[in-house]
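Residues in the sequence shown are numbered from 1 upward in steps of one, following this note's numbering.
Backbone N, C-alpha and C fix where the C-beta goes; we use that ideal spot for every residue, glycine too.
As the structure is a computational prediction, the values presented were derived from the model and not from experiment.
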Amino acid sequence: MGRDAIAGRLKRLAMEPPIRLLVRAVVKRLPARASTRALWDVSDRPAYLLGLWHAARRAAREGIGAIAAIEFGVAGGNGLVALEREAEAVERESGVSIRVYGFDNGAAGLPAFIGDHRDHPDKWRPGDFPMDEDRLRERLGPRTTLVIGDVAETVPTFYDDPEVPPVGFIAFDLDLYSSTRQALQILSLPGRRTLDHVPLYFDDVEHSISHRFAGELLAIDEFNENHEDVKIDRWRGVESDRPFPEASYLRKMYMAHDLRAIAARSLDRGPLERRLEAVQVPRPPR
Ligand SMILES: C[S@@+](CC[C@H](N)C(=O)[O-])C[C@H]1O[C@@H](n2cnc3c(N)ncnc32)[C@H](O)[C@@H]1O
Numbered sequence: 001m002g003r004d005a006i007a008g009r010l011k012r013l014a015m016e017p018p019i020r021l022l023v024r025a026v027v028k029r030l031p032a033r034a035s036t037r038a039l040w041d042v043s044d045r046p047a048y049l050l051g052l053w054h055a056a057r058r059a060a061r062e063g064i065g066a067i068a069a070i071e072f073g074v075a076g077g078n079g080l081v082a083l084e085r086e087a088e089a090v091e092r093e094s095g096v097s098i099r100v101y102g103f104d105n106g107a108a109g110l111p112a113f114i115g116d117h118r119d120h121p122d123k124w125r126p127g128d129f130p131m132d133e134d135r136l137r138e139r140l141g142p143r144t145t146l147v148i149g150d151v152a153e154t155v156p157t158f159y160d161d162p163e164v165p166p167v168g169f170i171a172f173d174l175d176l177y178s179s180t181r182q183a184l185q186i187l188s189l190p191g192r193r194t195l196d197h198v199p200l201y202f203d204d205v206e207h208s209i210s211h212r213f214a215g216e217l218l219a220i221d222e223f224n225e226n227h228e229d230v231k232i233d234r235w236r237g238v239e240s241d242r243p244f245p246e247a248s249y250l251r252k253m254y255m256a257h258d259l260r261a262i263a264a265r266s267l268d269r270g271p272l273e274r275r276l277e278a279v280q281v282p283r284p285p286r
């Protein structure tokens, strides 16, 4: 058995219950790389780390040297600080530089609701989650930009700044259908810059009160109905080959696919890649 096959078997063994619990405990205690922590869900925000890592790998494959990572809905900023910290770790390992953007309404908190069931007045109230902007700015480093204001106004001009790199990962945590609908424009604006496949995280799709006729789920459905070029789907296969495929955050991971950009692609495979594709590599038994 070759060295790669042995490594593959050991990796699979490490993922078996109950060994996986032991391995994760070890990974938590070691100064592990971002890719290792992304696999073992060792992060304050495993969804953010997984999205960032996947985006950086895709960017590297497409020859893109810098990407943007966005959090929509920042409030006190714990999520944005975690996104910034993980962006630094992913950048260090991947070599892809990552700029971080946080969009929020600031001290005003949640804006006025649309007036019917779609903004879930059964869960939130206007004014919830006010931000202490000065305090948050003290916690943020130079890679992160806070974009304060209603996303209905701030998103349409986002790409006007030529320094903004292609968007690689987005976390949506605006709570409201009306706000999420506006924020999703970032994927469809004329002149947008994104990867062909952008990992997305939606924070509010798995509550017991969640349904497809309100909130983020309705905003996603409407986006797909209204846009031909870009479609949002669940992140297919995200749970495959993971030690904890049942982790609940994986059900909140989606992917935006730029159909027009994909249609324009033609793979330029070298002779080595063609030969490797022709070889059927048997998967080790689970
Ligand atoms: C649940 S909080 C975000 C929590 C944060 N992601 C975290 O993990 O700590 C929701 C935030 O969305 C923001 N928000 C909702 N609708 C918005 C809109 N239309 N424009 C800008 N911000 C909005 C609110 O101001 C609020 O701070």
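The beta carbon of Arg265 sits closer than 8 Å to those of Asp196, all from its chain and outside the five residues before and after it, given in chain order. By the neighbour-count definition (other C-beta atoms within 10 Å, threshold 16), Arg45 is a buried residue.
Each residue's CA atom was taken as its position, placing Ser210 and Leu217 some 8 Å apart. For Lys28, the uninterrupted alpha helix (DSSP H) run begins and ends at Ile19 to Arg29, by DSSP. For Glu133, the Cβ stays outside the 8 Å cut-off from all heavy atoms of ligand 1. Lys231: member of the beta strand (DSSP E) spanning Val230 to Arg234, first to last residue. Per DSSP, Gly51 lies in no beta strand (DSSP E) segment; the continuous alpha helix (DSSP H) that holds it begins and ends at Pro46 to Arg61.
Relative to Pro190, the option among Arg236, Arg260 and Asp175 whose CA is nearest is Arg260. Counting only residues of its own chain and dropping the five nearest sequence neighbours on each side, Thr36 has a CB closer than 7 Å to the CB of Val27. In this chain, the beta strand (DSSP E) harbouring Phe72 covers Ala66 to Phe72. Approximately 7 Å separates the beta-carbon atoms of Gly149 and Asn105; this is inside 8 Å, confirming the contact. Ranked by how close their Cα comes to the Cα of Arg33, the residues Ala89, Tyr201, Arg251 and Arg9 have Ala89 in first place. Taking the Cα positions, Leu80 is about 14 Å away from Gly51. Going by C-alpha positions, Ser97 is about 38 Å away from Ser208. Taking Pro245 as the centre and dropping the five residues before and after it, the same chain places the C-beta of Glu239 closer than 6 Å to its C-beta, in chain order. If you look at Tyr201, you'll find it in the beta strand (DSSP E) that goes His197 to Phe202. Three or more beta-carbon pairs separated by less than 8 Å link the segment 131-150 to the segment 69-84, which places the two stretches in contact.
DSSP, reduced to helix, strand and coil, places Val147 within a strand of the structure shown. For the 9 Å CB-CB criterion, Leu49 and Glu86 form a contact.
A distance below 6 Å between beta-carbons, with the five flanking residues on each side excluded, links Gly73 to the following residues of its chain, in chain order: Asp173 and Leu174.
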